[in-house]
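First up is the structure itself, then whatever we jot down about it.
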Amino acid sequence: MATGLKTEDLPKDRFALELEFVQSLASPAYLHFIATTTTSDGQSLLLDSRFKAFLRYLHETWTHPDYVRFIVYPSSLHFLELLINNDSFCRELGQVPFRNFAHQQQYYAWQRRFSDLYGTGEVKTVEVMNTEQPNAAVEE
């Protein structure tokens, strides 16, 4: 996407700025903030065509293998796809109950992932078979 900016006009810390912004999209509270922020014509920022173009640029860049390895919160990329492709999701984010629902579902997903990786914390007993036979005759 051509922006008309020269390379020297871009911030030197652009990589860090974009990475921080993309990862902030993992927060339903931040998504709610963006959804309730309006443009000069009163439209939600998430529904603004220029902002959508910026989100598409971020998605194209940060899903590339050279960049995706820096993402710590993979749910940020999932939310980024929803912001680009689902206008009803963008509208719903402006509602506090939906924000809370998204946060709760994210927590449940993390909880499930944790239990899949590390278990539930229950101590499991393992029976050990006795391979020695105490009454077996020993030949010499």
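Under the working numbering, the first residue of the sequence shown carries the number 60, and numbering increases by one thereafter. All C-beta atoms in this analysis are idealised placements derived from N, C-alpha and C, irrespective of residue type, glycine included.
Residue from the options whose Cα sits closest to the Cα of residue i
{"i": "F201", "options": "G178, Y126, F80", "result": "In the structure as shown, the chain starts at 60 and stops at 199, and residue 201 therefore has no counterpart that could be examined."}
{"i": "S86", "options": "E186, L106, S134", "result": "S134"}
{"i": "L105", "options": "Q165, G178, Q163, L152", "result": "L152"}
Burial state of residue i, where buried means 16 or more other Cβ atoms lie within 10 Å
{"i": "H91", "result": "buried"}
{"i": "F74", "result": "exposed"}
{"i": "L136", "result": "buried"}
{"i": "A168", "result": "exposed"}
{"i": "F138", "result": "buried"}
{"i": "R158", "result": "buried"}
{"i": "L78", "result": "buried"}
{"i": "L176", "result": "exposed"}
DSSP bridge partner residues for residue i (one or two, in chain order)
{"i": "T97", "result": "S103"}
Bounding residues of the alpha helix (DSSP H) (the contiguous stretch that carries residue i)
{"i": "A75", "result": "73-83"}
{"i": "I130", "result": "Taken as a continuous stretch (DSSP letters only), I130 belongs to no alpha helix (DSSP H), as it is neither H nor E."}
{"i": "Q163", "result": "155-177"}
Contacts around residue i, its chain only, beta-carbon distance under 7 Å, and the 5 residues preceding and following it disregarded
{"i": "R115", "result": "I143"}
{"i": "F94", "result": "Residue 94 is actually Ala in this sequence, not Phe. Correct list, in chain order: S103, L105, C149, L152, G153."}
{"i": "Y89", "result": "S83"}
{"i": "T97", "result": "S103, L104"}
Cβ shell of residue i (< 8 Å), same chain only, five flanking positions each side left out
{"i": "F148", "result": "L141, L142"}
{"i": "T122", "result": "L136"}
{"i": "L76", "result": "P70"}
Cβ shell of residue i (< 6 Å), same chain only, five flanking positions each side left out
{"i": "E181", "result": "none"}
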